[in-house]
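Student: One structure, pasted below without further comment.
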Amino acid sequence: MKTDIEIAQAAQMKRIEEIAEDLNLAKEDWEPYGHYKAKLNDQLLHKLSDRPDGKIILTTAISPTPAGEGKSTVTVGLGQALNRINKKAIIALREPSLGPTMGIKGGAAGGGYSQVVPMQDINLHFTGDIHAITTANNALSAFIDNHIHQGNVLNIDPRRIEWKRVMDMNDRALRQIVVGLGGPVKGVPREDGFNISVASEIMAILCLADGLNDLKERISRIVVGYTYDREPVTVSQLGVEGALTLLLKDAIKPNLVQTLENTPAIIHGGPFANIAHGCNSVMATKIAAKLGEYVVTEAGFGADLGAEKFLDIKTRAGGFEPDAVVIVATIRALKMHGGMDKKELEYENVEALQQGMENLKKHMETIESFGLPYVIGINKFPTDTDQEVAFLKQWCESNGAEVSLVDVFAEGGKGGIDLAEKVISACEAKEGSLQRVYELDEPLEQKILKIAQKVYGADGVEFTSKAKKQLAQFEQLGYGNLPVCMAKTQYSLSDDPSLLGRPKGFKITVRELRASVGAGFIVVLTGDVMTMPGLPKSPAALKMDVTEDGKITGLF
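1 is the number of the first residue of the sequence shown in full-length UniProt numbering; add one for each residue after it.
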């Protein structure tokens with residue numbers, strides 16, 4: 001089979017004006033960004049406000065493993081499958097970050113014959129949204145340091161500046177740095193550090209804002225640090241919210257592209273799924289719902305991280321809820337959760353598969369607790385045996401779950417028609433409204449405990465002395481009514497990445513809290529979560545190249 005990039009380069013794409021026409025968009029609703037990409041007008045959502053909403057389908061997954069699950073591939077394939085059965089479907093995805101693309105994780109444009117295109121553009125610089133966020137973030141850092149250098153009227157304590165610089169690359173050497181060295185004319189020395197751009201609060205804000213005015217208001221509320229008297233300092237006090245919003249005036253516009261089968265796709269925003277809420281923008285999802293009968297979107301990592309944040313944070317900000325959920329799994333990954341070594345996954349092992357089903361079962365219970373109907377989508381691999389498939393189907397049947405064997409990687413939309421039909425039935429079967437894990441007026445500590453117990457299956461939560469002080473501080477500052485955004489390893493339901501499957505008898509350790517007041521949530525750091533990843537020993541970049549005529553090679 002051809003590589004992803006070879007398949008994408010051979011695609012018969014429609015010009016972007018044809019995709020816009022298929023969506024009945026007027027010329028003033030979009031602006032071209034080359035032949036195959038476009039920016040949607042940031043007033044489009046307001047223009048479409050009177051239209052009824054289409055059904056929203058959320059794609060989530062089991063806890064990810066090195067064996068791969070293919071959540072984005074299934075999301076794209078399902079959208080294509082819905083269109084094959086004459087349903088007007090639109091896909092809403094996140095933008096990939098260059099760090100994981102050049103590192104080890106890969107891109108986020110799907111795979112095989114279920115990709116969004118132009119894949120090489122989407123996985124590289126795309127329309128520059130992430131670069132604009134990087135610039136706005138670092139401009140704020142410059143304004144903070146300049147304020148201190150020019151007399152520090154706001155009495156900012158350089159030891160308590162929370163705002164970090166960012167770049168869109170994995171670079172461990174920048175995690176902890178010192179700035180302002182070189183004498184009085186070079187600034188005031190202080191400790192600083194870098195996060196990856198997608199971990200910036202500005203990225204989270206962009207993805208939760210419903211327009212330019214909301215974006216500016218949220219930016220003004222960002223807490224950059226604290227004074228010597230331990231009082232918060234905000235962007236509005238620095239007076240630069242207008243300048244920062246100006247840098248994002250184009251980035252707030254969602255991006256329109258297509259899939260290999262010419263299904264419309266809106267790709268916008270990509271907050272880090274560990275440190276932020278890991279979903280594409282509210283504007284993209286809501287516009288897609290106004291333009292299509294069905295919207296297929298996704299949330300980062302497994303249901304414990306991605307789906308919980310989508311349902312407890314994003315839906316609150318956007319004022320909507322999904323009609324059905326797809327839980328993606330692979331037999332390979334389930335066998336890893338059952339204790340099988342990655343090197344042995346090509347061999348049949350029903351016993352390991354049976355043990356690994358416990359991970360899937362916990363994610364099923366989580367989605368059920370939200371009151372949402374779901375379908376299990378098994379992303380097919382060539383190494384799956386008939387006996388393993390038969391066991392999985394029988395297990396799902398005995399546990400009262402709908403399951404569909406999906407082969408959208410090799411067959412495109414055709415390989416997801418059964419899943420599409422079952423998802424439509426699930427949407428029609430939905431009863432009642434979304435049941436969230438916690439209410440906003442509950443104390444922060446109670447919200448954290450509920451997520452740990454209900455979603456992770458933990459016995460309880462242990463707070464470090466630092467976290468306890470921050471809990472009290474944030475409640476006192478009036479932040480207690482905000483949602484909580486858990487920063488946890490994606491590899492385990494616990495905060496220990498080595499505990500696969502469905503761990504029992506563990507507690508979640510909260511080591512630190514961060515106030516993302518502009519985004520509108522409190523980040524809760526557990527375990528050892530990195531906000532600036534490092535590159536692996538053999539990064540994917542080593543295989544990438546471009547020929548003299550501009551043809552890209554080695555990009556997946």
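All C-beta atoms in this analysis are idealised placements derived from N, C-alpha and C, irrespective of residue type, glycine included.
Three-state secondary structure (DSSP) at tyrosine 438?
Tutor: Reduced to three states, the DSSP call for tyrosine 438 is coil.
Student: Going by the CB atoms, is the gap between phenylalanine 556 and aspartate 168 shorter than 8 Å?
Tutor: In this structure, phenylalanine 556 does not lie closer than 8 Å to aspartate 168 by Cβ.
Student: Which residue comes first and which comes last in the beta strand (DSSP E) that contains alanine 89?
Tutor: Element bounds for alanine 89: 89-93.
Student: Which residue's Cα is closest to the Cα of valine 406: Lys380, Glu397, Asp386?
Tutor: It is Lys380.
Student: Which same chain residues end up closer than 6 Å to lysine 422 when comparing Cβ atoms and leaving out the 5 residues on each side of it in sequence?
Tutor: For lysine 422, where only same-chain residues beyond five positions count, the Cβ hits under 6 Å are Val375, Glu402, Ser404.
Student: Quick one: what's asparagine 255 bridged to in DSSP?
Tutor: Answer is Lys39, Ile267.
Student: Tell me whether glutamate 17 sits in a helix, a strand or coil according to DSSP, three-state version.
Tutor: Looking at glutamate 17 - three-state DSSP - the assignment turns out to be helix.
Student: Using only the alpha-carbon positions, how far apart do isoleucine 85 and glutamate 321 sit?
Tutor: Each residue's alpha carbon lies about 24 Å from the other.
Student: Does DSSP classify valine 74 as helix, strand or coil?
Tutor: Of the three classes helix, strand and coil, the one that applies to valine 74 here is helix, per DSSP.
Student: In its own chain, which residues sit with a C-beta less than 8 Å from the C-beta of alanine 132, not counting the 5 before and 5 after it?
Tutor: Hits under 8 Å: Leu247, Leu248, Asp250, Ala251.
Student: Tell me whether the beta-carbon of leucine 256 lies closer than 8 Å to the beta-carbon of alanine 38.
Tutor: Result yes, Cβ atoms of leucine 256 and alanine 38 sit closer than 8 Å.
Student: Once DSSP output is grouped into helix, strand and coil, what is the label at glycine 371?
Tutor: Here glycine 371 sits in coil by DSSP.
Student: Extract the residue ranges of the alpha helix (DSSP H) inside the segment 388-462, only unbroken runs of 4 or more that lie entirely within it.
Tutor: Here the runs fully enclosed are 408-411, 417-429, 444-450.
Student: Check whether the segment 269-282 and the segment 2-21 touch, using three or more Cβ-Cβ pairs below 8 Å as the test.
Tutor: The segment 269-282 vs the segment 2-21: no contact.
Student: Leaving out the 5 sequence neighbours to the left and right, which residues in its chain are closer than 8 Å to glutamate 346 when beta-carbon positions are compared?
Tutor: Thr383, listed in sequence order.
Student: For isoleucine 104, which three-state DSSP category applies?
Tutor: Note: isoleucine 104 maps to coil in three-state DSSP.
Student: If I measure Cβ to Cβ from valine 510 and keep anything under 8 Å in the same chain, skipping five residues before and after, which residues do I get?
Tutor: Correct list, in chain order: Ile448, Val461, Glu462, Phe463, Thr464, Ala467, Val524, Leu525, Thr526.
Student: Reducing DSSP to helix, strand and coil, say where serine 516 ends up.
Tutor: Strand, per DSSP.
Student: Pull up the CB-CB distance for aspartate 323 and isoleucine 57, whole angstroms please, since I reckon it's below 8 Å.
Tutor: At roughly 7 Å, the Cβ-Cβ gap stays under 8 Å, so aspartate 323 and isoleucine 57 are in contact.
Student: Just confirm the distance between the C-beta atoms of tyrosine 456 and leucine 493, as a whole number of angstroms; I'd bet it's less than 8 Å.
Tutor: So it is a contact: roughly 5 Å between Cβ atoms.
Student: Among residues of its own chain, excluding the 5 on either side of asparagine 399, which ones have a beta-carbon nearer than 8 Å to its beta-carbon?
Tutor: The answer, listed in chain order, is Lys361, Met364.
Student: Taking C-alpha atoms, which residue in Glu31, Ile91, Val240 lies nearest to arginine 221?
Tutor: Comparing Cα positions, the closest option is Val240.
Student: Tell me where the beta strand (DSSP E) around leucine 345 begins and ends.
Tutor: Segment: none, leucine 345 is in no beta strand (DSSP E) and carries neither H nor E.
Student: For the segment 535-550 and the segment 211-231, state whether three or more C-beta atom pairs, one from each stretch, are separated by less than 8 Å.
Tutor: Contact between the segment 535-550 and the segment 211-231 is absent, because fewer than three Cβ pairs lie under 8 Å.
Student: Since lysine 115 is in the beta strand (DSSP E), which residue starts that stretch and which ends it?
Tutor: Sequence inspection shows glutamine at residue 115; the lysine mentioned does not correspond to that position. Residues 114-117.
Student: Can you list, in chain order, the stretches of the beta strand (DSSP E) that have 3 or more residues and sit fully within the segment 465-527?
Tutor: As far as the segment 465-527 is concerned, its whole beta strand (DSSP E) runs of at least 3 residues are 484-487, 507-516, 521-526.
Student: Span of the alpha helix (DSSP H) holding isoleucine 85?
Tutor: No alpha helix (DSSP H) holds isoleucine 85; DSSP gives it neither H nor E.
Student: What residue range is occupied by the uninterrupted beta strand (DSSP E) comprising phenylalanine 143?
Tutor: Counting along the chain, phenylalanine 143 falls outside any beta strand (DSSP E), though it belongs to the alpha helix (DSSP H) covering 129-149.
Student: With H, G and I counted as helix, E and B as strand and the rest as coil, what does DSSP make of valine 240?
Tutor: In this structure, valine 240 counts as coil in the three-state DSSP scheme.
Student: Quick one: residues in its chain with C-beta nearer than 6 Å to the C-beta of arginine 51, no 5 flanking neighbours on either side, listed in chain order?
Tutor: Only Lys290 meet the Cβ criterion.
Student: Taking DSSP as the reference, what is the three-state secondary structure of glutamate 201?
Tutor: Three-state DSSP puts glutamate 201 in a helix.
Student: With DSSP as the reference, please indicate the residues paired to leucine 58 in a beta bridge.
Tutor: Leucine 58 pairs with Thr297, Val325.
Student: Would the beta-carbon of glycine 278 fall within 8 Å of that of glycine 306?
Tutor: Yes, the Cβ-Cβ distance between glycine 278 and glycine 306 is below 8 Å.
Student: Which value, in whole angstroms, describes the spacing of the CA atoms of glycine 180 and tyrosine 36?
Tutor: Between glycine 180 and tyrosine 36, the C-alpha separation is close to 44 Å.
Student: Going by DSSP, what residue range makes up the alpha helix (DSSP H) through valine 282?
Tutor: Its alpha helix (DSSP H) spans residues 282-291.
Student: DSSP three-state call for glycine 377: helix, strand or coil?
Tutor: Looking at glycine 377 - three-state DSSP - the assignment turns out to be strand.
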